[in-house]
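**Student:**
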Amino acid sequence: MPEVPIPDQSLADDVVALRLWRTTDIHQRLLGYADPEYQRFSLTSTEPVTEARVRDHFEREHRERMCGERLSLAIVDATDLDQVLGGCSVYDIDLDQQRAGVGYWLAPHARGRGAATRTVRLLARWAFDVLAIARLELTCAPDNIASQRVAERSGFIREGIMRSHMRSQDGRRDSMLFSLLPGELRESGRTE
Ligand SMILES: CC(C)(COP(=O)(O)OP(=O)(O)OC[C@H]1O[C@@H](n2cnc3c(N)ncnc32)[C@H](O)[C@@H]1OP(=O)(O)O)[C@@H](O)C(=O)NCCC(=O)NCCS
């Protein structure tokens, strides 16, 4: 697979901008990982999150982008690109089947302001227009209500429950599956 192109500066709105992670973001990413909500819903392993592990993640994410599998980006404040609000990715990219997944998390201080909905809308538009994705998937824990609201505000349709879908810190768990087709993206309307 060809490498995933790096989005230009247009991947931004008035509130959030999406850019590649920088090594100078390590501390802010570590703080995000330390949050219990993040650990509950987004971490699959119980290994302690250390600076070395974050560096490994940055390297792995670079390799994943180079082989066309995944694009991982920092969500930053649109008025201060050094201020990390969270992270997001377009993952499991399958250009042959024109399918991909979208994921996101916010640091606690960045929640409740619509930053995740804005991020998903920007990423979905980019995936449809630049990667020619025809079906974008989003999965989350059945009890992750905040994430489900983000999906619905962006136009995603709930398809059902995938049983024993993934590892979590408490063992295997189900996931709720949502999907979005290009004509369904809601780019305006309430974000928070
Ligand atoms: C999911 C996440 C990105 C959403 O952040 P956000 O966009 O700022 O979400 P908000 O705080 O605006 O909450 C969205 C909605 O969920 C509701 N909500 C938030 N936390 C909730 C909770 N614990 N229980 C029930 N409802 C909750 C809010 O009231 C809001 O409802 P509304 O749309 O009816 O007003 C953020 O909570 C997060 O980073 N969580 C940890 C990591 C994670 O879960 N990532 C997603 C994995 S699929």
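Numbering of the sequence shown is given in the numbering used here, commencing with residue 1307 and proceeding in unit increments. Note that CB positions come from ideal geometry on N, CA and C, so glycine has one too.
1. Alpha carbon to alpha carbon, how far is serine 1453 from arginine 1335?
2. Using the three-state DSSP reduction, which class does aspartate 1435 fall into: helix, strand or coil?
3. Could you say which of Arg1369, Thr1329 and Leu1412 lies nearest to aspartate 1383 if we only look at CA atoms?
4. DSSP three-state label for isoleucine 1451, please.
5. Relative to the C-alpha of methionine 1472, which residue among Ala1340, Phe1347 and Met1307 is closest?
6. Going by DSSP, what residue range makes up the alpha helix (DSSP H) through arginine 1325?
7. As a quick exercise: from Thr1425, Leu1444 and Pro1488, pick the residue whose alpha carbon is nearest that of aspartate 1320.
8. Any heavy atom of ligand 1 inside 8 Å of the beta-carbon of leucine 1324?
9. Should serine 1453 be listed as close to ligand 1, given that the test is whether its C-beta is under 8 Å from any heavy atom?
10. Would you report the Cα separation of glycine 1374 and glycine 1477, rounded to the nearest angstrom?
11. Below 9 Å between beta carbons: does that hold for leucine 1326 and leucine 1379?
12. Work out the CA separation of threonine 1330 and serine 1474 for me, nearest whole Å.
13. In terms of residue numbering, what span does the beta strand (DSSP E) encompassing arginine 1479 cover?
14. Apart from the five residues just before and just after proline 1488, which ones in its own chain have a Cβ nearer than 6 Å to its Cβ?
15. Sorted by chain position, which residues of the same chain lie with C-beta nearer than 6 Å to threonine 1445's C-beta, five sequence neighbours on each side aside?
**Tutor:** The answer reads as follows:
1. Counting from one through the sequence shown, the residue named residue 1453 turns up at place 147. Counting from one through the sequence shown, the residue named residue 1335 turns up at place 29. Roughly 19 Å separates the two Cα atoms.
2. Indexing the sequence shown from 1 puts residue 1435 at position 129. Residue state, collapsed to three classes: helix.
3. Here residue 1383 refers to the residue found at position 77 of the sequence shown. If we check each option's Cα against that of aspartate 1383, Leu1412 comes out closest.
4. Indexing the sequence shown from 1 puts residue 1451 at position 145. If DSSP states are grouped into helix, strand and coil, isoleucine 1451 belongs with the helices.
5. Here residue 1472 refers to the residue found at position 166 of the sequence shown. Out of Ala1340, Phe1347 and Met1307, Phe1347 has the C-alpha closest to the C-alpha of methionine 1472.
6. One-based indexing of the sequence shown puts residue 1325 at position 19. Where arginine 1325 is concerned, there is no enclosing alpha helix (DSSP H), although the beta strand (DSSP E) it sits in stretches over 1322 to 1325.
7. Against the sequence shown, residue 1320 aligns to sequence position 14. Closest by alpha carbon: Thr1425.
8. Taking the first residue of the sequence shown as position 1, residue 1324 is located at position 18. Checking every heavy atom of ligand 1 against the Cβ of leucine 1324, none is found closer than 8 Å.
9. Residue numbering aside, residue 1453 sits at position 147 when the sequence shown is read from its first letter. Yes, the beta carbon of serine 1453 sits closer than 8 Å to at least one heavy atom of ligand 1.
10. For the purposes of this step, residue 1374 is taken as the residue at position 68 of the sequence shown. For the purposes of this step, residue 1477 is taken as the residue at position 171 of the sequence shown. The alpha-carbon atoms of glycine 1374 and glycine 1477 are separated by roughly 30 Å.
11. Here residue 1326 corresponds to residue number 20 of the sequence shown, with the count starting at 1. Here residue 1379 corresponds to residue number 73 of the sequence shown, with the count starting at 1. The answer is yes: Cβ separation under 9 Å.
12. For this step, residue 1474 is matched to residue 168 along the sequence shown. For this step, residue 1330 is matched to residue 24 along the sequence shown. Distance between the alpha carbons of serine 1474 and threonine 1330: 28 Å.
13. Start at 1 with the first residue of the sequence shown, and residue 1479 comes out as number 173. Its beta strand (DSSP E) spans residues 1477 to 1486.
14. Within the sequence shown, the letter at position 182 stands for residue 1488. Excluding positions up to five away in sequence, the list reads Phe1434.
15. Here residue 1445 refers to the residue found at position 139 of the sequence shown. Taken in chain order, the residues that qualify are Ser1481 and Leu1483.
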